[in-house]
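Colleague: Each number in the working numbering corresponds to the 1-based position in the sequence shown with 330 added. Right, I'll just put the structure down here and ask away after.
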Amino acid sequence: NEAQGGWVLLAPERVFKVDAVAVEILKRCTGEASVEAIVDDLAKAFAGAPRDRIHADVVKLIGGLADKKLLEL
Numbered sequence: 331n332e333a334q335g336g337w338v339l340l341a342p343e344r345v346f347k348v349d350a351v352a353v354e355i356l357k358r359c360t361g362e363a364s365v366e367a368i369v370d371d372l373a374k375a376f377a378g379a380p381r382d383r384i385h386a387d388v389v390k391l392i393g394g395l396a397d398k399k400l401l402e403l
């Protein structure tokens, strides 16, 4: 919750604090958007950020959440 000073991802018996970058990525995980579509949208929103860095961040976050069974691919 942003009003309480940060964001968390809730899972059964676990809580994960997420940073602003993760929040922006997660907002775009609709279940229908591809990784490339998420990267494209983030590249438009954050025009100064290198696209390869955005892609790496998206893949790392999504892969990590999938490994922890917090996101289904």
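The beta carbon of each residue, even a glycine, is placed where N, CA and C say it ideally should be. Source: prediction; values computed, not measured.
Can you give the beta carbon distance from ASP387 to ILE355, rounded, assuming they're within the 8 Å contact cut?
Modeller: Right, the Cβ-Cβ distance comes to about 7 Å (below 8 Å), so this counts as a contact.
Colleague: As a quick exercise: from GLU402, ALA377, VAL389, pick the residue whose alpha carbon is nearest that of ALA352.
Modeller: Ranking the options by Cα distance to ALA352, first place goes to VAL389.
Colleague: Extract the residue ranges of the alpha helix (DSSP H) inside the stretch 337 to 361, only unbroken runs of 4 or more that lie entirely within it.
Modeller: Fully enclosed alpha helix (DSSP H) runs of 4 or longer: 350 to 357.
Colleague: Would a C-beta distance cut-off of 8 Å place ILE368 and ARG358 closer than the cut-off?
Modeller: Taking 8 Å as the Cβ cut-off, ILE368 and ARG358 qualify as a contacting pair.
Colleague: Please report how far the alpha carbon of ASP371 lies from the alpha carbon of GLU343, in whole angstroms.
Modeller: So the alpha carbons of these two residues sit roughly 32 Å apart.
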